[in-house]
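Chain order of the listed sequences is F and L. Using the UniProt record's numbering, the letters of the first sequence map in sequence onto residues 1 to 158. Using the UniProt record's numbering, the letters of the second sequence map in sequence onto residues 1 to 158.
2 protein chains.
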Amino acid sequence: MGEEVTRILIGVNESSLKGYPNPSISSKGAFEWTINKIVRNNVSAFNLLFLHVHFPDQDGYENMDSRGTHLLEYFVNRCNEIGVPCAAWIKEGDPKEVILNEVKRIRPDLLVVGSRGLGPFQKVLVGTVSEFCWKHAECPVMTIKRNADETPRDPVDD
Amino acid sequence: MGEEVTRILIGVNESSLKGYPNPSISSKGAFEWTINKIVRNNVSAFNLLFLHVHFPDQDGYENMDSRGTHLLEYFVNRCNEIGVPCAAWIKEGDPKEVILNEVKRIRPDLLVVGSRGLGPFQKVLVGTVSEFCWKHAECPVMTIKRNADETPRDPVDD
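In structure tokens:
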């Protein structure tokens, strides 16, 4: 069993906080969960693949290539510290469509996406990307919900 | 990282085939996927917990305790061969409610459930247990869809 490495595609996005681009709380949570609960100390058996999808209309005329690169650097640096092999790239488009296409293209063993979690009044508003991926992706999908105590007071900080 | 073992709860059910109770194709698939892609050779870092939910009205007056025990034996034997620690038990009730309650009770790191997959004409009929768990379970949930080429000709063989 386990001749080839397990390739895990992790969809990551940035926090809406202004200023220097940081990974969102849910992206960080999904990454740390994958390391702590799945990869553990078996680093050479896994390959983490980070995909950031830039939705073109979202941020106007900012230099998003640079922001996305900074975002991915965070995860690549963490992987280097831990010693797990990784790759990272950016695509433009509608996140759920791009993620599904990338799953088709690179055929990971597992797709991990963070989710902001479904509050009682948010069910219809959030979770659309993760639910779409869960239903349609051609590989197993794991959704890591953010802990309730990590919900930022201001949704823009998410 | 990874001081405590990763506890994975796997919901398993039996094939509807008559005769000796066998695990369903999707249960076997979920188990083998977990071993091959997640546990790999890091067997001492994981603990697999098998839950079979017996839905009382489903099979009339048969001796279901015995059937469920045989079903769980399959997975326990496989774990013993592989060398991964495990536990297994049976509960009665509505599968999706029981699985959610067991997640609350034992707090696994991950819930794995097999799914028959969604064929073009089956979307409204199947996937209810896995979708319910995915939406409501208080832990990350992974759904392993059965491969299309494993779909039995007769649904009763599922």
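For glycine and all other residues, C-beta sits at the position ideal for the given N, C-alpha and C.
{"Item": "Cross-strand partners of Pro91 (chain L) (DSSP beta bridge)", "Value": "As written in the sequence, residue 91 (chain L) is Lys, which differs from the Pro given in the question. Paired residue(s): L:Val53."}
{"Item": "For Phe46 (chain L): DSSP bridge partner residues", "Value": "L:Thr6"}
{"Item": "Own chain residues within Cβ distance below 6 Å of Val141 (chain F), not counting five before or after", "Value": "Leu111, Cys133, Trp134"}
{"Item": "Members of the region 83-114 of chain L near chain F, C-beta cut-off 8 Å", "Value": "Asp109, Leu110"}
{"Item": "is_contact[Ile144 (chain L), chain F] using C-beta, thresh 8 Å", "Value": "yes"}
{"Item": "Residues near Asp109 (chain L) by beta carbon distance below 6 Å, same chain, minus five either side", "Value": "Thr6, Arg7"}
{"Item": "Within-8 Å CB hit, Pro120 (chain F) to chain L", "Value": "Caution applies to Pro120 (chain F), whose pLDDT of 49 falls short of 50 and renders its modelled position unreliable; the value that the coordinates give is listed next. Output row for Pro120 (chain F): interface = no."}
{"Item": "contact_flag[the region 22-31 of chain L, the region 73-90 of chain L] where n(CB pairs < 8 Å) is 3 or more", "Value": "yes"}
{"Item": "Spatial distance of Pro95 (chain L) from Ile82 (chain F) (CA atoms)", "Value": "39 Å"}
{"Item": "7 Å CB neighbourhood of Ser130 (chain F) in its chain, flanking five on each side removed", "Value": "Val113, Ser115, Thr143"}
{"Item": "Cβ separation of Glu92 (chain F) and Leu51 (chain F), assumed to be a contact under 8 Å, to the nearest whole Å", "Value": "About 12 Å; that fails the 8 Å criterion."}
{"Item": "6 Å CB neighbourhood of Val98 (chain L) in its chain, flanking five on each side removed", "Value": "Val53, Lys91"}
{"Item": "Identity of the residues DSSP links to Lys145 (chain L) by a beta bridge", "Value": "L:Ser115"}
{"Item": "With 16 other Cβ atoms within 10 Å as the buried cut-off, status of Arg146 (chain F)", "Value": "buried"}
{"Item": "Distance, Asn22 (chain F) Cα to Trp89 (chain F) Cα", "Value": "16 Å"}
{"Item": "Chain F contact for Arg40 (chain L) (CB, 8 Å cutoff)", "Value": "yes"}
{"Item": "CB contact flag (Ala45 (chain L), Arg40 (chain F), <8 Å)", "Value": "yes"}
{"Item": "For Glu102 (chain L), three-class secondary structure by DSSP", "Value": "helix"}
{"Item": "Rounded straight-line distance, which links the Cα of Asn36 (chain F) to that of Glu138 (chain L)", "Value": "18 Å"}
{"Item": "Reference Lys104 (chain L), options L:Glu4, L:Glu3, L:Leu9, closest by Cα", "Value": "L:Leu9"}
{"Item": "Closer than 8 Å to chain F by CB, Thr128 (chain L)", "Value": "no"}
{"Item": "Gly68 (chain F) versus Leu48 (chain F): straight-line alpha-carbon distance, rounded", "Value": "17 Å"}
{"Item": "Of the listed residues L:Ile38, L:Phe55, L:Thr128, L:Leu100, nearest to Val84 (chain L) (C-alpha basis)", "Value": "L:Ile38"}
{"Item": "Residue-chain proximity (Pro140 (chain F), chain L), Cβ-Cβ < 8 Å", "Value": "yes"}
{"Item": "Supposed close pair Glu14 (chain L), Ser24 (chain L) - CB separation, criterion 8 Å", "Value": "6 Å"}
{"Item": "Chain L within 8 Å of Lys28 (chain F), Cβ atoms only", "Value": "no"}
{"Item": "Own chain residues within Cβ distance below 6 Å of Val87 (chain L), not counting five before or after", "Value": "This sequence places Ala at residue 87 (chain L); Val is not what is there. Contacts found: Leu49."}
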